[in-house]
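Below is one structure; the comments refer to it alone.
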Amino acid sequence: MAIEAFASALEIIPRTLAENAGLDPVTTLIELRKAHADGQSNAGINVYEGGVVDMREANVLEPIRVVEQAIQSATETAVMILRIDDVISSKGVAMGDEMGDMGDFHM
4 MAIEAFASAL EIIPRTLAEN AGLDPVTTLI ELRKAHADGQ SNAGINVYEG GVVDMREANV
64 LEPIRVVEQA IQSATETAVM ILRIDDVISS KGVAMGDEMG DMGDFHM
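Heads up: the sequence shown is residues 4 to 110, going by this note's numbering.
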């Protein structure tokens with residue numbers, strides 16, 4: 004479940020790229036997944052012509068270290084937020100206890 008959530012979070016990048024390029028994000032993601040499943044590890048979204056192409060053949064290259072660092076930083080940030088959430092949840096402080104008397108306001 005956690006791995007599927009992580010993979011889904013990573014798919015936000017090509018989904019947003021497709022949407023911003025005016026492409027159908029669902030169709031584009033299906034094409035991209037199929038290309039990757041077929042062993043085309045360099046497949047990516049061509050925002051100019053639409054569709055999925057081999058990014059190496061299209062001369063679209065980016066340093067792997069930059070991508071690795073971005074993913075690592077995002078992952079560490081998410082883990083830190085989850086840990087903070089766990090600490091807050093484990094204290095068991097009810098919201099009403101900390102908010103003081105809010106008066107007789109009723110909705």
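The beta-carbon is built from N, C-alpha and C at its ideal position, and this holds for glycine as well.
Can you tell which of the options has the C-alpha that lies nearest to the C-alpha of residue i?
{"i": "I33", "options": "P66, M4, P17, G25", "result": "P17"}
{"i": "T64", "options": "S11, S44, S76", "result": "Reading off the sequence shown, one finds Leu at residue 64, where the question assumed Thr. Per the Cα distances, S44."}
{"i": "A61", "options": "A81, S11, V69, E52", "result": "E52"}
{"i": "F9", "options": "I74, V69, K94, V90", "result": "I74"}
Below 8 Å CB to CB, which residues in the same chain sit around residue i once its five sequence neighbours on both sides are set aside?
{"i": "L35", "result": "P17, A46, G47, I48, V55"}
Measure the Cβ-Cβ separation of residue i and residue j and say whether it is below 8 Å.
{"i": "P28", "j": "A21", "result": "yes"}
{"i": "A77", "j": "V50", "result": "no"}
Once you ignore the five residues that flank residue i on each side, which residues in its own chain have a CB closer than 6 Å to its CB?
{"i": "M58", "result": "N45, G47"}
Ignore the nearest five residues each way along the sequence and tell me which others in residue i's own chain have a CB closer than 7 Å to its CB.
{"i": "G42", "result": "none"}
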